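Residue numbers (this note's numbering): 29 to 196. Every residue, glycine too, gets a C-beta built ideally from N, C-alpha and C. These numbers were taken from a predicted model, which means no experiment stands behind them. Working notes for the structure below.
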Amino acid sequence: TSMPHYRPQHARLKQGDLILVDIGVVVDGYCSDMTRMISFEVESKKLLEIFSIVKEAQEAACAQCRPGIALRDLDALAREVIAKRGYGEYFIHSLGHGLGLDVHEWPIISKTSPKDEILQEGMCVTIEPGIYLPKIGGVRIEDTVLVTKKGPKIFTDCSRDLYQIDEI
């Protein structure tokens, strides 16, 4: 989990592993995207700490998915939560992206997004902050969010809590 885009290998899970599951489904041609974390008896205080920070950043950013917010400001909001806890340099990708007929579409929610790019009603985006600690592990939590006048509608209705497994 220390790399945002890990490629599967022939390693066996072992006690203490943190597992990142990035999945999506296609319904009537439209894509979704969701990432959740699974603990296989993780005892690392550092990994548990970054999990709680990423969850806080993700929830804060999701709550602000409203028409009119600048993409770069939304990214900055999540980044600030993480930076205040001392892990800013380990959030190494954009906050999210649009999705629809393809799993990665415009807009890109990033600190480099143009100032005039804003969330608009009807946009469907992902919110997926992450912290990746080299040789230790990482955490990402991601939801698919519809931007509405009344506020965000989160399509991925699944607990964001760290799911625990005791044996394989």
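- In the displayed model, Gly116 falls within a helix according to three-state DSSP.
- Considered as a whole, the segment 120-152 harbours no complete run of any alpha helix (DSSP H) with no fewer than 4 residues.
- DSSP places Val54 in the strand class (E or B) of the three-state scheme.
- Its chain contains Phe68 and Glu69 as the residues whose beta carbon lies nearer than 8 Å to that of Gln43, once the 5 sequence neighbours on both sides are disregarded; these appear in chain order.
- Excluding residues up to 5 positions away in sequence, nothing lies with its Cβ nearer than 6 Å to the Cβ of Ala111 in the same chain.
- Three or more Cβ pairs closer than 8 Å define a contact, and the segment 119-131 meets that threshold against the segment 148-156.
- The three-state secondary structure of Cys93, taken from DSSP, is coil.
- Going by C-alpha positions, Ile193 is about 26 Å away from Phe119.
- Going by DSSP, Asp171 is part of the beta strand (DSSP E) stretching over Asp171 to Thr176.
- Rounded to whole angstroms, the Cβ separation of Arg107 and Gly116 is 6 Å, and the two are in contact under 8 Å.
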